[in-house]
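Right, one structure below, let's go through it.
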Amino acid sequence: MPREWILKYQRMKDLVPSADKPSRTQKKRAAVASQKLGEHLVVLREAQLEELHLPPELHQAVIEARNVSSHGARRRQLQYIGSLMRHIDAEKLKQELDRITLQAHRDVRSFRQAETWRDELVSGDQGRATWLFERFPEMDKDRLMQLIEEVRKSSSLTDRRKSGRALFRFLRPFANPSAGGKKEDD
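With the working numbering, the residue at position 119 of the sequence shown is 110, and numbering never jumps.
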């Protein structure tokens, strides 16, 4: 009887996961996390992807995943990307990806802010012009007023668009905190 207990204990001990060896569930979770991180890589623009300095094999797999249209083939390619990502420092990659994503969101926000300012100024919002002059004392007031007037006086749609783009290009550096303008609170 004692011999059976010893064997039973040894089998139970083998079933209990040890601290140094990850369980099957932990491995699956890590694989799914790597695959999801790979999905984020696939949607990045080429310039953003280059910033990450990925290993060549992983970089090529990400580019190939963009060209796959079949659902099953795309899923397999993403699984392949996930398997390649298990061999690199995923935490460091995630931090870099978060940084790039945050910068992209800031760029979109500043773009939309400049568009909003342009639309408000063209519609005749003098309060916005005053606010801009107070907020950005380095702004060339005469140039801004000239650009606003050009947009308002444009007779054709083509001229109006051209003048609107010029006004937008003038406002964009002030809406973009990373390009030297101050952060926008409004």
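For glycine and all other residues, C-beta sits at the position ideal for the given N, C-alpha and C.
Buried/exposed call for residue i, threshold 16 Cβ in 10 Å
i: V142; result: buried
i: L148; result: exposed
i: N212; result: Because residue 212 is not part of the residues shown, which for the chain are -8 to 177, the question remains open.
i: L162; result: buried
i: L93; result: exposed
i: G29; result: buried
i: S14; result: exposed
Straight-line gap, residue i to residue j (C-alpha atoms, nearest Å)
i: S61; j: L69; result: 12 Å
i: Q39; j: D150; result: 34 Å
i: F165; j: A105; result: 8 Å
i: T121; j: I139; result: 13 Å
i: D98; j: D110; result: 18 Å
i: D177; j: T107; result: Only weak support exists for where D177 lies, its pLDDT of 43 falling under 50; the value from the coordinates is given anyway. Going by the C-alpha atoms only, they are around 11 Å apart.
i: V113; j: F127; result: 19 Å
i: R77; j: V23; result: 10 Å
i: E46; j: D80; result: Rather than Glu, the amino acid found at residue 46 in this sequence is Pro. Going by the C-alpha atoms only, they are around 11 Å apart.
i: K19; j: K83; result: 20 Å
i: E42; j: A95; result: 13 Å
i: N167; j: L135; result: 17 Å
i: R36; j: F159; result: 24 Å
i: L88; j: H44; result: 11 Å
Sequence-distant residues of the same chain with beta carbon closer than 7 Å to residue i, five excluded per side
i: A56; result: V33, R65, Q68, L69 and I72
i: L75; result: E48, L49 and A52
i: K132; result: F124
Alpha helix (DSSP H) segment containing residue i, residue limits
i: D80; result: From DSSP, D80 is part of no alpha helix (DSSP H); its letter is neither H nor E.
i: H50; result: P47 to N58
i: H31; result: R15 to V33
i: R134; result: K132 to K144
i: L194; result: With the chain represented from -8 up to 177, any question about residue 194 goes unanswered, as that position is not in the structure.
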